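Here's the structure, in structure tokens; my notes come after.
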Amino acid sequence: MLRKSWRRFIRALDILWAGSVYSQCYKSSEDFTNKGENVKQISIYTDGACSGNPGPGGWGAVLLHGDRVKEIYGGEPDTTNQRMEIKAVIEALKALKVSGWDVIVYSDSAYVVNAFKQNWIENWQKNGWRNSKKEAVANQDLWRELVYLTGKNRVRLEKVKGHAGNEWNERCDQLARQGVKELNGEG
């Protein structure tokens, strides 16, 4: 009995969060701009890497605001490439010291971008964190954290093509690989 009540409570929170947090994740540039206001905006590029899948993995992010550039990276000893892609966005959003700003996150991960742009997260929340096959959503711990963090700013995710010469995407790839190297003692 207690388990069912607890599950209902968690599901109610997820639905509540879906309305308040997810609504701040924008799908198009028209929704994202504050017309006529002095917009505070940060661009973030992210990438994840994994040596083996699963295996040691790394994530990297570059935060851009005006002429300021902040690079961050890290890694985990036993993970997957998809977890590292999500982790890169999480760590970048955690690194922000502001709230209420417009944040554009550029990722080469269709998995991460489509989760927002194609309403996967919203549907997962409505379905008790189950996917269309009625299975538990993979990487749910990270998705929940990411949903929470997107509530602090107005966040939009955009897809960039990986390994296509985009300066900041390439730099994120280097940072993510550095995270793996340091785990392997190659620092």
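Numbered by this note's numbering, the letters in the sequence shown go through residues 1218 to 1404 in order.
Backbone N, C-alpha and C fix where the C-beta goes; we use that ideal spot for every residue, glycine too.
Keep in mind it's a predicted model, so treat the numbers as computed, not measured.
Identified DSSP bridge partners for residue i
i: Leu-1280; result: Ile-1261 and Lys-1287
i: Cys-1267; result: Gly-1274
i: Ser-1324; result: Thr-1263 and Lys-1376
i: Asp-1319; result: Gln-1258 and Arg-1371
i: Thr-1296; result: Gly-1272
Cβ-based burial, residue i [other Cβ within 10 Å; buried from 16]
i: Ser-1324; result: buried
i: Glu-1403; result: exposed
i: Ala-1327; result: exposed
i: Asp-1295; result: exposed
i: Gly-1269; result: exposed
i: Asn-1348; result: exposed
Test item: CB-CB of residue i and residue j under 8 Å
i: Ala-1266; j: Ala-1393; result: yes
i: Leu-1366; j: Ile-1307; result: yes
i: Gly-1317; j: Asn-1370; result: yes
i: Gly-1274; j: Glu-1288; result: no
When the Cβ atoms of the region 1354-1361 are set against those of the region 1374-1389, are three or more pairs found closer than 8 Å? Proximity of the region 1354-1361 to the region 1374-1389 falls short of the contact definition, fewer than three beta-carbon pairs being nearer than 8 Å.
Could you pull out every unbroken alpha helix (DSSP H) segment of at least 4 residues lying fully inside the region 1322-1372, listed in chain order? Segments of the alpha helix (DSSP H) lying fully in the region 1322-1372: 1327-1334, 1337-1343 and 1357-1367.
Contact the region 1345-1354 vs the region 1296-1305: 3+ CB pairs below 8 Å: By the Cβ criterion, the region 1345-1354 is not in contact with the region 1296-1305, since fewer than three pairs of Cβ atoms, one from each stretch, lie closer than 8 Å.
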